[in-house]
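If you read the protein sequences in the order shown, they are chains A and B.
With the first letter of the first sequence counted as 1, position 186 gets the number 186 in our numbering; the numbers rise by one all the way through.
For any residue, its number in our numbering is found by taking its place in the second sequence, counting from 1, and adding 228.
The beta carbon of each residue, even a glycine, is placed where N, CA and C say it ideally should be.
Only a predicted model underlies this, so the values are computations on that prediction, with no experimental measurement involved.
Worksheet: the structure to be examined is printed underneath.
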Amino acid sequence: MDWYLREVIILNNIGKSYVTGSQKLQVLKGLTCNIKEGEMVAIMGSSGSGKSTLLNILGLLDSFDSGEYILSGESMAGLNERAAAKFRSKLLGFVFQSFNLIGFKTALENVALPLYYQSIPRKKRNIIALDYLKKVGLEDWASHLPNQMSGGQKQRVAIARALVAKPKVILADEPTGALDSVTSSDVMKLLREINADGITMIIVTHEHDIAALCDRTIHLVDGLIDLS
Amino acid sequence: MFNRDTWLEIANTVLSNPMRTFLTGLSIALGVFILVVMQGLGFGLQNGVQNQFSDDAVNSIWVDAGRTQLAYRGNMPNRQVKMRNSDMDAMFQQMDTVHAYSRRVRIWGVVMEHEDQQSNFPLRGVDPDHLMLENTTLTDGRYISSRDVDEETKVAVLGATVVEDLYEGVNPIGTYLLIGGVQFRVVGTFDDPASRWENKMAYLPFTTAQSIFRSSDKVDQMILGTGDMPVASTILLSDALLSWFKDRKVVHPDDERGVRIENNNEEYERYQNIFLGIELFIWGLGLLTLLAGAVGVANILAIAVKERTKEIGVRKALGASSISVLGLVVQESLALMIVSGSAGLITGVGLLEVVSPMIDHDYFKNPQVDFRIALVALGILAVVGVVSGLGPALRAVRIKPVEALRDE
Ligand SMILES: Nc1ncnc2c1ncn2[C@@H]1O[C@H](COP(=O)(O)OP(=O)(O)OP(=O)(O)O)[C@@H](O)[C@H]1O
Ligand SMILES: [Mg+2]
């Protein structure tokens, strides 16, 4: 498995602070790390240590103040909104703790949405979306609305949605945070299978069981990576 | 911009909150409905008023002769002043331009016969411009021509009541009618909706009427059209004509009866202003209703955008560009506006269509909406739709996915 490893994400001395009123909070203080293609990495750390902040920066949902971020060989410094949207659409998939499915769209429509933003024709994107629903074992639920599904099912729809545009990297912020332990391990099994297909997986979690299922764990302490 | 996918997307979001959509749609539809109905009512009022005053709605100066009040230059009071053909000719020589004119003689109760039908009607001898000056509407054939007047032809134009009484459904054009025992050819018919009195009349060429039914060269009345003369000039003209006539007919300058000149230009202008006022009022009201609707829509859209903050954040995380987010809101607003606006438009026009035939009041006639006005309303609606969608849409564009997605 090690033969094709190369860096898909390179972070060099990333700094990020939030300014609220007159207060300035330095969340990331020069963070450096690399993630190789096909790796499955867990990010852990105490609450407020900056895990979500890091993931949002990796996901181009938030900007960073200093340092260097190279995603799939391209620098992500000073991107405008448009370019960020394009990279997100091309390279990244998201899974959230609270699923973030669109409530008035069916499972199939939710999964197909990223393809809509890639201007793929309706017929074609529905076929692709159904394929991915099949992959997460929910093809029979294609026409159901999110509120007719269980938490585990919703998260699997969200995972199918993250996969549908064939991203290089999937970013998951506490994907099992709202699920019970049995469902959590099902979801983790699914994520592992997806990772086995070569998609890089970055999972924020504060559960050691979950982290243990990953290739390695990055510990965030006080805005820096704890190497101990 | 509007492909099938966009429509489905709009339909999806619009139908996802049916109550909100319904209320927004209702407020727009109501606004347009009120605009259309107000326009219709306004037109009805205008039509009615215009019709009611159409006799006086031609700017003109009327010259009449009567009995004197005052003794003057050796003449006793109570003398009947008579206008004659020579007076008319002299008057025209006094004037620089004559926009339109008609002399008039009036004969009461003349026997008119067609086949075995006969009845008494008044008749009038007139000049060709009388058609315009009296605001007569021809229903068939032609009016008195200048050749008729020059050659004293024996032709007649009949009012609707005369036709009804003497012809019983037969087309009178081209037939011969005995008027006071003399044979006339009928060349036209007319209907003057503002005056039932006028409809009982037969019009003959002025010269013919004067020589057959009046053995003198007396003229009863003179009408001068003032065309596009400014009101102030028409007042100068009528004052000048009055003193000229009084001098010529030896009438005391302070006498109010011997020669009378009526200038309806001031009145005419007043009516024109009233019509203009009604029109401005209707448009003002309509635009205000639309404006209120637009503010309502902008408000509801702003709330909708706020409610959908998270959804918009998710869409952005999934690759939605700013343009597509902007389009989502603006197109939704536009679609809402056009669909519900058209509903209001159709209901309003439909209501007027149904109600219109039932209403026939003296001051209220034919309350219909012009097709062009409906189109203008739709155009305004589209512009308003885009403008009122733009504010909330820009707010949606500024939503940052991180902030939208934060789990609280
Ligand atoms: N938009 C913001 N404005 C100001 N402060 C912020 C903002 N976002 C995050 N922070 C602060 O930055 C710090 C790191 O937040 P972050 O959400 O990354 O923590 P986390 O590691 O994900 O914590 P948790 O485990 O509770 O999710 C916190 O102190 C938080 O209050
Ligand atoms: Mg977090």
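Which value, in whole angstroms, describes the spacing of the CA atoms of G294 of chain B and V309 of chain B?
6 angstroms
Between which two residues does the alpha helix (DSSP H) containing N303 of chain B stretch?
Element bounds for N303 of chain B: n/a, residue is neither H nor E.
Beta strand (DSSP E) segment containing H358 of chain B, residue limits
Counting along the chain, H358 of chain B falls outside any beta strand (DSSP E), though it belongs to the alpha helix (DSSP H) covering 358-361.
Drop a sphere of 10 angstroms on the beta-carbon of A180 of chain B, count the other beta-carbons inside from all chains shown, and report buried for 16 or more, exposed for fewer.
Coverage of chain B is limited to positions 229 through 636, which leaves residue 180 of chain B absent and any answer about it impossible.
If you check the beta carbons only, do M565 of chain B and I256 of chain B fall under 8 angstroms apart?
yes
Beta-carbon contacts of Q449 of chain B that lie in its chain and below 6 angstroms, excluding the five residues immediately before and after:
Cβ within range, chain order: D292, R332.
9 angstroms Cβ cut-off: residues of chain B touching Q118 of chain A
Residues of chain B passing the Cβ test: G547.
Does the Cβ of Q274 of chain B have 16 or more other Cβ atoms within 10 Å, making it buried, or fewer, making it exposed?
buried
Looking at ligand 2, does it come within less than 7 angstroms of K24 of chain A, judged from the CB to the closest heavy atom?
no
Does DSSP put D222 of chain A in a helix, in a strand, or in coil?
coil
Consider the Cβ of K105 of chain A: report whether some Cβ of chain B lies at a distance smaller than 8 angstroms.
The beta carbon of K105 of chain A sits closer than 8 angstroms to some beta carbon of chain B.
Which class does M76 of chain A belong to by DSSP, given the choice of helix, strand or coil?
coil
Express the C-alpha separation of D344 of chain B and G408 of chain B in angstroms, rounding to a whole number.
15 angstroms
Does K538 of chain B have its Cβ less than 8 angstroms from a Cβ in chain A?
yes
If you measure from the CB of K538 of chain B, is any heavy atom of ligand 1 nearer than 7 angstroms?
Answer for K538 of chain B: no, Cβ out of range of ligand 1.
Going by beta carbon distance, what residues of the same chain come within less than 7 angstroms of Q322 of chain B, once the five residues before and after it are set aside?
Taken in chain order, the residues that qualify are W472.
What's the gap between the Cα of L573 of chain B and the Cα of V260 of chain B?
6 angstroms
What residues match up with K36 of chain A in a beta bridge as DSSP calls it?
A:E7
Take E39 of chain A and list the residues in its own chain whose beta-carbon comes closer than 6 angstroms to its own, dropping the five residues that flank it on each side.
T200, D215
Entirely within the region 99-169 of chain A and at least 4 residues each: give me those alpha helix (DSSP H) ranges in chain order.
Uninterrupted alpha helix (DSSP H) stretches at least 4 residues long and entirely within the region 99-169 of chain A occur at 107-116, 122-135, 151-163, given in chain order.
Using a Cβ cut-off of 9 angstroms, pull out every chain B residue sitting near R82 of chain A, in sequence order please.
S549, S550, I551
Top-ranked residue by Cα proximity to V713 of chain B, from B:D467, B:G455, B:G505
Chain B is shown only over 229 to 636; residue 713 of chain B falls outside these bounds and no answer can be derived.
Which residues in the same chain have their Cβ closer than 7 angstroms to the Cβ of Q153 of chain A, if we skip the five residues on either side of it in sequence?
L138, W141
So is the beta-carbon of K16 of chain A under 7 angstroms away from any non-hydrogen atom of ligand 2?
No, since every heavy atom of ligand 2 falls outside the 7 angstroms radius drawn around the Cβ of K16 of chain A.
By the 10 Å Cβ neighbour count, where 16 or more other Cβ atoms means buried, how is H83 of chain A classified, buried or exposed?
In the sequence on display, residue 83 of chain A carries Ala and not His. Exposed is the call here.
Any heavy atom of ligand 2 closer than 7 angstroms to the CB of D173 of chain A?
yes
Please list the residues of the region 515-540 of chain B that have a C-beta atom closer than 8 angstroms to any C-beta atom in chain A, keeping them in chain order.
Flagged, chain order: K538, E539.
Cutoff 8 angstroms: P629 of chain B Cβ touching any chain A Cβ:
yes
Note down the Cα distance separating D2 of chain A from N195 of chain A, rounded to an integer number of angstroms.
Note that D2 of chain A scores 46 on pLDDT, short of 50, meaning its location in the model is unreliable; the coordinates nonetheless yield the value given after this. Distance between the alpha carbons of D2 of chain A and N195 of chain A is about 14 angstroms.
Ordered along the chain, which non-local residues of its own chain (more than five positions away) have a Cβ less than 7 angstroms from that of I510 of chain B?
Around I510 of chain B: M266, Q267, G270.
Spatial distance of V8 of chain A from L609 of chain B (CA atoms)
51 angstroms
Identified DSSP bridge partners for Y18 of chain A
A:L25
Apart from the five residues just before and just after L516 of chain B, which ones in its own chain have a Cβ nearer than 6 angstroms to its Cβ?
none
Nearest CA to the CA of N303 of chain B: which residue from B:V478, B:E497, B:D598?
Comparing Cα positions, the closest option is B:V478.
Own chain partners of D226 of chain A with C-beta closer than 6 angstroms, once the 5 adjacent residues on each side are dropped:
H219
Against chain B, with Cβ distances strictly below 8 angstroms, would S72 of chain A count as a contact?
no
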